[in-house]
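Engineer: In our numbering, the protein residues as written are 16 to 494. I'd like to ask you about the structure that follows.
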Ligand code: ADP
Ligand code: MG
């Protein structure tokens, strides 16, 4: 083993330290907090560790750094100090060393930063050394994803209100809005914001007991308690929390017994001035099969919605993710993705991860062409969602002509131009071939489609008002 001013990390030492940490802190804490750490250097008795996010750095510093130092010092007396550095790109290198038999290419280094197994349980109480009782079984609260923190949430017009509300609830020690009800479509960041609130509260006020779980899990626990005739302690558990967060409450719609129990729990907590945060895919008023009493209670606090993403937000998210991954993604590729993958952020992330993984494995740079090739299936799935019929309908509405004129033989400018726009958009926004497009427009020839596409491209350059029309239609169709 090397000693001295500047020495390489002795991996075997670090492995032994990690083994001890695992024994002492348990599997889940180990997975959440220790596996993402990469030991990078040993300098003047100071071990430098790098972790993927600032949040992890702070958490590890307060909770584990002392122990790591002590254990390491036991292995190697020259080690006197531990410092933590935030470095997204380092993570995978550690993982590769830890198990995979692949050489650690620099790019590979980051993929797991997007998907680390960094999950942590939210214990009912902070991991206090005083052996505090934990009234809530660990199975009650669901794991929190270490990546879902405020600093990783990209804010834009569609989500700024929900973000601000979440921030407010997380930062105020008193109950601010009760309940905070977040709603929005799939993959728009509800769960992310909820975890972020939970993390933040736990960090700011560790004595407050925070429980985060899905409505399904709430239901399941309740049904199990019923079966074990143990509803009293079930109630006690829930009613003794400071902050109760239930994700996807649409799942309890229609489940009467659970709903009733939830309603009582809810009331009891609100009456005691405890904070409640809920999420759903719909607003309280559109949640069907929910009793009126519960519905009105759900709407009695602050209701904040997450709107579908805009092009700008998607681009911002891609910028942030690429940076987190430490990968250079050409602007063109990002714009292409932001244009094409519009349904939700999860898919957008998935697409980026896939591109990055490919670039890492094959080692090539990312071009628009490779992107298109790699994401063919995904892009096609999206195109399927946007049909030519829909394009025709929207364009006809926009230019105030009849949809039937999209396929009619009329040639007057008033209908021919919109028809060309619709053809152009079909070409841009779907993966239909030229002959297919021609057929959808009253059995026209593919050369007519080519002509339409060229014509529109030309007009867009010459006429800004027209360009704005096309741009607007594109955005409308994409969202
Ligand atoms: P929901 O719960 O609304 O279905 P999630 O919170 O699970 O959606 O979000 C899906 C994925 O997209 C997550 O990985 C999340 O981190 C990411 N995501 C969503 N919105 C944002 C955002 N504004 N900034 C960064 N990541 C986001
Ligand atoms: Mg969710």
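All C-beta atoms, glycine included, are put in the ideal place defined by N, C-alpha and C. As the structure is a computational prediction, the values presented were derived from the model and not from experiment.
Helix, strand or coil for residue 342? Go by DSSP, reduced to three states.
Structural biologist: Three-state DSSP puts residue 342 in coil, outside helix and strand.
Engineer: Among 89, 253, 210, 257, which one has its Cα closest to the Cα of residue 222?
Structural biologist: The shortest C-alpha separation from residue 222 is found at 257.
Engineer: Measure the CB-CB distance between residue 319 and residue 180 and report whether it falls below 8 Å.
Structural biologist: Their beta carbons are under 8 Å apart, which means residue 319 touches residue 180 by this criterion.
Engineer: When you compare the CB positions of residue 66 and residue 75, do they come within less than 8 Å of one another, or not?
Structural biologist: Contact flag set, yes.
Engineer: Just the C-alpha distance for residue 310 and residue 297, rounded to the nearest angstrom, thanks.
Structural biologist: If you take the alpha carbons of residue 310 and residue 297, they lie about 12 Å apart.
Engineer: When the Cα of residue 32 is compared with those of 81, 405, 437, which residue comes out closest?
Structural biologist: The shortest C-alpha separation from residue 32 is found at 81.
Engineer: What does residue 61 pair with, by DSSP beta-bridge criteria?
Structural biologist: For residue 61, which the question treats as bridged, DSSP gives the partners 58, 96.
Engineer: If you reduce the DSSP assignment to three classes, tell me which class residue 435 lands in.
Structural biologist: Here residue 435 sits in helix by DSSP.
Engineer: For ligand 1, is there any heavy atom lying closer than 7 Å to the beta carbon of residue 272?
Structural biologist: Residue 272 Cβ: outside cutoff for every heavy atom of ligand 1.
Engineer: Among the candidates 451, 453, 436, whose CA atom is the shortest distance from the CA of residue 489?
Structural biologist: For the residues 451, 453, 436, the minimum Cα distance to residue 489 belongs to 436.
Engineer: Quick one: Cα of residue 444 to Cα of residue 421, how far?
Structural biologist: Distance between the alpha carbons of residue 444 and residue 421: 17 Å.
Engineer: Grouping DSSP H, G and I as helix and E and B as strand, with all else coil, what is residue 320?
Structural biologist: DSSP places residue 320 in strand when its eight states are reduced to three.
Engineer: Are there any heavy atoms of ligand 2 lying less than 7 Å away from the beta-carbon of residue 206, as far as the coordinates show?
Structural biologist: It does: the Cβ of residue 206 is within 7 Å (strictly closer) of some heavy atom of ligand 2.
Engineer: Relative to ligand 1, is the shortest distance from any of its heavy atoms to the C-beta of residue 361 smaller than 7 Å?
Structural biologist: Indeed, a heavy atom of ligand 1 lies less than 7 Å from the Cβ.
Engineer: Among 96, 300, 302, 261, which has the Cα closest to the Cα of residue 291?
Structural biologist: Per the Cα distances, 261.
Engineer: From what residue to what residue does the beta strand (DSSP E) around residue 226 run?
Structural biologist: First-last of the beta strand (DSSP E) with residue 226: 225-229.
Engineer: Looking at C-alpha atoms only, which residue of 346, 94, 340, 402 is the closest neighbour of residue 372?
Structural biologist: Out of 346, 94, 340, 402, 340 has the C-alpha closest to the C-alpha of residue 372.
Engineer: Do you know how far the Cα of residue 47 is from the Cα of residue 235?
Structural biologist: So the two alpha carbons sit approximately 25 Å from each other.
Engineer: Tell whether a beta-carbon distance below 8 Å holds between residue 100 and residue 64.
Structural biologist: Yes, the Cβ-Cβ distance between residue 100 and residue 64 is below 8 Å.
Engineer: For residue 167, count the other beta carbons within 10 Å of its own beta carbon; 16 or more makes it buried, fewer makes it exposed. Which is it?
Structural biologist: Buried is the call here.
Engineer: Nearest by alpha-carbon distance to residue 224: which of 208, 439, 188, 413 is it?
Structural biologist: The shortest C-alpha separation from residue 224 is found at 188.
Engineer: Under the criterion of a Cβ to heavy atom distance below 7 Å, does residue 166 qualify as lining ligand 1?
Structural biologist: Answer for residue 166: no, Cβ out of range of ligand 1.
Engineer: Per DSSP, which residues does residue 83 bridge with? Please list them.
Structural biologist: None; residue 83 has no bridge partner.
Engineer: With a threshold of 8 Å, are at least 3 pairs of Cβ atoms found where one atom belongs to the region 327-342 and the other to the region 158-176?
Structural biologist: Enough Cβ pairs lie closer than 8 Å, so yes.
Engineer: Helix, strand or coil for residue 291? Go by DSSP, reduced to three states.
Structural biologist: In the structure shown, residue 291 sits in a strand (DSSP, three-state: E or B).
Engineer: Taking the Cβ atom as the reference point for each residue, do residue 299 and residue 313 lie within a distance shorter than 8 Å?
Structural biologist: Their beta carbons are under 8 Å apart, which means residue 299 touches residue 313 by this criterion.
Engineer: Contact check, residue 263 vs residue 295 under 8 Å by CB: the rounded distance?
Structural biologist: Right, their Cβ atoms sit about 6 Å apart.
Engineer: Name the DSSP bridge partner or partners of residue 262?
Structural biologist: Answer is 229, bridged to residue 262.
Engineer: Kindly give me the distance between the Cβ atoms of residue 360 and residue 332, rounded to whole angstroms, as I take these residues to be in contact under 8 Å.
Structural biologist: At roughly 6 Å, the Cβ-Cβ gap stays under 8 Å, so residue 360 and residue 332 are in contact.
Engineer: Helix, strand or coil: which one does DSSP assign to residue 131?
Structural biologist: At residue 131 the pLDDT is 28, less than 50, meaning the model places this residue with poor confidence and gives no usable figure here.
Engineer: Assess contact between the region 245-253 and the region 264-271, defined as three or more Cβ pairs (one per stretch) separated by less than 8 Å. Is contact present?
Structural biologist: Short answer: they don't touch.
Engineer: Would you check whether ligand 2 has a heavy atom nearer than 7 Å to the C-beta of residue 263?
Structural biologist: Yes - ligand 2 has a heavy atom lying nearer than 7 Å to the Cβ of residue 263.
Engineer: To which residues of the same chain is residue 72 closer than 6 Å at the C-beta, ignoring the five residues directly before and after it?
Structural biologist: For residue 72, where only same-chain residues beyond five positions count, the Cβ hits under 6 Å are 66, 99, 101.
Engineer: According to DSSP, is residue 141 part of a helix, a strand, or is it coil?
Structural biologist: Because residue 141 carries a pLDDT of 34, less than 50, the predicted location of this residue cannot be relied on, and the following value inherits that uncertainty. Coil at residue 141, not helix or strand.
Engineer: Going residue by residue through the region 420-473, where are the continuous alpha helix (DSSP H) segments of at least 4 residues, counting only ones entirely within it?
Structural biologist: Complete alpha helix (DSSP H) runs here, min 4: 428-444, 449-455.
Engineer: Quick check: what's the CA-CA separation for residue 109 versus residue 201?
Structural biologist: At residue 109, the pLDDT of 30 sits below 50, so the modelled position is not reliable; the number obtained from the coordinates is stated separately. In a straight line, the C-alpha of residue 109 is about 33 Å away from that of residue 201.
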